[in-house]
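K.L.:
In our numbering, the protein residues as written are 10 to 312.
The C-beta atom is built at its ideal place from N, Cα and C for all residues, glycine as well.
A quick note: this is a predicted structure, and the numbers were derived from the prediction, not measured.
The following block contains the structure, expressed as structure tokens.
Below is the structure:
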């Protein structure tokens with residue numbers, strides 16, 4: 010039984026389904042979800058040229074319409090683990106003793122365990138979206154994985170070069186380099202509603218520090234319905250992105266694929282006490298995940 014408790018629990022239960030836990034993988038909010046993929050899904054891309062011609066009295070075939078495909082193949086993943094109930098009970102019982110007349114009802118022990126495992130799945134998914142390697146156990150291939158990731162395999166994503174490792178002192182300059190490269194290489198998508206600049210929490214922290222130093226802290230207030238932006242471009246804060254990298258692209262051009270969540274992503278718990286007399290719970294989760302980009306030439310990647 011590979012499970013040990015070395016720290017105190019702090020938190021609350023999230024729910025029964027991995028679908029709820031996956032929402033904690035923040036990057037998925039900024040990707041286009043494709044569900045019900047049992048094996049693979051083809052992302053079709055259509056490009057037309059020479060279609061518009063001068064009008065004539067006759068029907069004259071002109072122009073070309075090319076249809077190409079990208080394949081999104083989610084990787085099947087699972088959690089199989091035996092958990093000794095006594096190792097978790099002390100942490101769970103702390104939740105039952107919360108003081109205060111307005112304290113909410115305590116979560117059930119099953120809810121607590123499912124929440125715990127759901128967070129692990131969410132963290133794994135978030136990391137794999139950007140830097141996962143399918144060759145590693147428990148990971149699927151990410152967008153930015155060196156050599157084998159979706160960006161590297163596509164080979165047409167525009168490159169933007171950073172001046173150095175990001176800091177609060179240089180993040181504005183590096184973002185301006187990115188937006189300059191966006192204007193030069195992907196002008197057709199600059200006005201799209203779903204265009205984002207993707208960065209991780211650390212980079213975003215540098216950005217907030219920089220604009221605060223410049224005296225714009227009130228313009229970047231974190232309260233209410235504030236949406237982070239840079240020079241009018243929306244910022245997507247994705248914890249799983251690697252340090253010192255930025256991506257500019259449309260949500261509709263970056264895809265996450267999985268199986269049908271309501272069918273295949275429930276966390277199942279089996280109490281083994283009635284079966285073998287042990288104090289163990291057997292926890293099983295089976296799910297899938299994978300990413301793919303659409304048109305590489307509509308993306309800019311800074312590193």
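Considering only the beta carbon of each residue, do residue 207 and residue 39 sit closer than 8 angstroms?
P.N.:
Going by C-beta atoms, residue 207 is nearer than 8 angstroms to residue 39.
K.L.:
Please name the residue, chosen from 289, 154, 238, 152, that lies closest to residue 188 on a Cα-to-Cα basis.
P.N.:
Nearest of 289, 154, 238, 152 to residue 188, Cα basis: 238.
K.L.:
Does the region 57-68 come close enough to the region 237-256 that 3 or more CB-CB pairs lie under 8 angstroms?
P.N.:
No contact exists between the region 237-256 and the region 57-68.
K.L.:
On a CA-only basis, which of 166, 265, 221, 308 is nearest residue 49? Give me that one, please.
P.N.:
The option with the nearest alpha carbon to residue 49 is 265.
K.L.:
Going straight from the alpha carbon of residue 292 to that of residue 121, what length do you get?
P.N.:
About 13 angstroms.
K.L.:
Would you tell me roughly how many angstroms separate the C-alpha atoms of residue 271 and residue 128, rounded to the nearest one?
P.N.:
In this prediction, residue 271 scores a pLDDT of 47, lower than 50, which makes its location untrustworthy; no coordinate-derived value is stated.
K.L.:
What would DSSP say about residue 60, mapped onto helix, strand or coil?
P.N.:
Coil, per DSSP.
K.L.:
Quick one: grab the DSSP three-state call for residue 243.
P.N.:
Looking at residue 243 - three-state DSSP - the assignment turns out to be strand.
K.L.:
Tell me, please, which residues DSSP counts as bridged to residue 79.
P.N.:
In the DSSP output, where bridge partners are listed per residue, residue 79 has 52.
K.L.:
What residues are listed by DSSP as bridge partners for residue 290?
P.N.:
DSSP, once it has assigned bridges, lists 92, 280 as partnering residue 290.
K.L.:
Ignore the nearest five residues each way along the sequence and tell me which others in residue 312's own chain have a CB closer than 6 angstroms to its CB.
P.N.:
Closer than 6 angstroms at Cβ, skipping near neighbours: 254.
K.L.:
Cα separation between residue 221 and residue 182?
P.N.:
Cα to Cα, residue 221 sits roughly 15 angstroms from residue 182.
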